[in-house]
């Protein structure tokens, strides 16, 4: 109701304005375009001033505008970016591990060198390599042996030679010491020839084969044991160095053998 009364008042004011301008006569005086524009603007202003839905502003500021956050782009150093494109980022020296330190084993605990007696588990005996030889057969005086002893001899095949490493086993103590390598199923003997060629030793019927011994050594007793392998004759003629490796489980001993 209040809105309607305000609107009626506005209309009456406009009519009164027109009446005043026309005077007492019945004709509306002629006006210029500028005067018509001024009257129209004034009338519109009065109407909007008393209109309840008009807030008197071109922009409604009753609700604060929502400001969008400004995202700043990171500044990239062109010199740094050009150098790092396609390149791997290196770690500080403190975090890098040198391949040389790994391969050389620097700083690692070095296992003590074991003897052949320690690998075999017979501390009361001394085992030492006394030399090696290249022959067609073993024992060398095969033609002088009886038929019974021939069963415990070895002969190289055609075009081959036997490489025989001799090992002295002695009991320097005052009590008997037993040695049974037949029961050592994990015992292995290998020969390294000229530093690069490895050959497994034969397991033979020789009564002094290191891998086939089963006897008790009395105090002061000694025995010449052997480790034998077979190889082509031309390779046997070019032997310059021999090493004997005795392995049992995780333990091993390597001994250099002279001729």
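In this note's numbering, the protein residues as written are 57 to 315. Backbone N, C-alpha and C define an ideal beta-carbon position, used for all residues, glycine too.
If you draw a straight line from the alpha carbon of residue i to that of residue j, how long is it in whole angstroms?
i, j, result
"residue 289", "residue 273", "36 Å"
"residue 259", "residue 232", "26 Å"
"residue 230", "residue 216", "43 Å"
"residue 222", "residue 240", "20 Å"
"residue 152", "residue 306", "Residue confidence for residue 152 is low, a pLDDT of 42 falling below 50, so the modelled location carries little weight and cannot support an answer."
"residue 262", "residue 270", "12 Å"
"residue 173", "residue 246", "16 Å"
"residue 195", "residue 279", "15 Å"
"residue 312", "residue 253", "14 Å"
"residue 314", "residue 275", "28 Å"
"residue 220", "residue 243", "18 Å"
"residue 214", "residue 293", "15 Å"
"residue 304", "residue 209", "26 Å"
"residue 218", "residue 193", "7 Å"
"residue 168", "residue 255", "25 Å"
"residue 291", "residue 248", "13 Å"
"residue 264", "residue 180", "19 Å"
"residue 182", "residue 268", "17 Å"
"residue 184", "residue 277", "14 Å"
Is the beta carbon of residue i sitting closer than 7 Å to the one on residue j?
i, j, result
"residue 170", "residue 309", "yes"
"residue 55", "residue 299", "Because the chain is modelled from 57 through 315, residue 55 falls outside the range shown and cannot be assessed."
"residue 283", "residue 266", "yes"
"residue 224", "residue 297", "no"
"residue 302", "residue 178", "no"
If we count the other Cβ atoms within 10 Å of its Cβ and call it buried at 16 or more, is residue i buried or exposed?
i, result
"residue 227", "buried"
"residue 281", "buried"
Check whether the segment 185–197 touches the segment 231–245, counting contact only when three or more Cβ pairs, one atom from each stretch, lie closer than 8 Å. no
List, from N- to C-terminal side, the alpha helix (DSSP H) runs of 4 residues or more that fit wholly inside the segment 193–255. 203–206
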